[in-house]
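Position in the sequence shown counted from 1, then plus 68, gives you our numbering. Structure, as structure tokens:
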Amino acid sequence: MKYLKKTDHGVQVVYTNMDAGCMTVLPGIMVAVSLLIFYFLPELGIIKGLIGLIIGIMAFLLFGGILLRILMIIRRKNPVLIEVRDGYLMDRKKKVPISEINEVSFGWNQGRLGGIIFPDLAVQTIHNKRYYFCYYNLISERAIKELVEQYILPFATPQCKSKWEKHFWRKNKAQ
69 MKYLKKTDHG
79 VQVVYTNMDA
89 GCMTVLPGIM
99 VAVSLLIFYF
109 LPELGIIKGL
119 IGLIIGIMAF
129 LLFGGILLRI
139 LMIIRRKNPV
149 LIEVRDGYLM
159 DRKKKVPISE
169 INEVSFGWNQ
179 GRLGGIIFPD
189 LAVQTIHNKR
199 YYFCYYNLIS
209 ERAIKELVEQ
219 YILPFATPQC
229 KSKWEKHFWR
239 KNKAQ
């Protein structure tokens with residue numbers, strides 16, 4: 069799979085430049101539209117102008133923040149978002165022993181503000197600490213599922229494996 073890159077020490081989850089470029093288009097358009105709203109505000113009436121101002125500010129803050137975050141990720145020059153290496157699940161800032169992972173899930177979550185905007189790989193350890201590994205919608209969910217099933221679950225706790233199987237059994241049965 070193009071997102072999973074095997075190394076001598078484990079596997080890296082990497083994004084492609086094409087995915088990063090595509091991910092910047094929509095936020096870029098939305099930032100331009102919000103700036104265009106500000107341009108036409110003086111020509112609107114007071115009520116429409118106030119509504120336009122509120123919508124423009126909200127759109128600019130939301131999509132500008134998304135665009136800024138994606139551009140910061142691209143600017144790093146290192147396409148590795150998540151890595152499984154030497155028994156640890158890690159990104160640039162966090163390092164979690166896989167043998168201590170008690171629960172794993174991925175996708176949109178409400179555990180943190182960023183999880184509403186970008187999907188995460190969320191893990192909970194046996195010490196009840198939650199860690200979030202963001203993949204910024206640059207990696208397919210199929211690749212994240214493969215990462216979990218091939219490189220995390222075989223070395224995680226038995227509770228983690230049973231929770232994963234129950235979760236995906238219910239999910240697959242509902243579809």
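Ideal Cβ placement from N, Cα and C applies to all residues, glycine included. Quick caveat, the model's predicted, so the values are computed rather than measured.
- Nearest neighbour of residue 144 by Cα position, chosen from 155, 75, 131 and 160, turns out to be 160.
- In this structure, DSSP gives residue 85 a helical state, which the three-state scheme calls helix.
- Each of 236, 218 and 229 was checked against the Cα of residue 152, and the nearest Cα belongs to 218.
- The residues 153 and 154, in chain order, have a CB closer than 7 Å to that of residue 77 in the same chain once the five nearest residues on each side in sequence are set aside.
- Within the region 163 to 217, the alpha helix (DSSP H) runs of at least 4 residues that lie entirely inside it are, in chain order, 182 to 185 and 209 to 215.
- Here residue 136 is exposed. Its C-beta has fewer than 16 other C-beta atoms within 10 Å.
- Taking a 10 Å sphere around the C-beta of residue 203, we find 16 or more other C-beta atoms and assign the residue as buried.
- Assignment of residue 70 by DSSP, reduced to helix, strand and coil, places it in the coil class.
- With contacts defined by Cβ atoms closer than 8 Å, residue 209 and residue 174 form a contacting pair.
- Secondary structure note for residue 139: its alpha helix (DSSP H) is the uninterrupted segment 114 to 143.
- By the criterion of at least three beta-carbon pairs nearer than 8 Å, the region 86 to 95 is in contact with the region 125 to 135.
- Within the same chain, Cβ atoms closer than 6 Å to the Cβ of residue 148 are found at 80 and 82, the five residues on either side in sequence being excluded.
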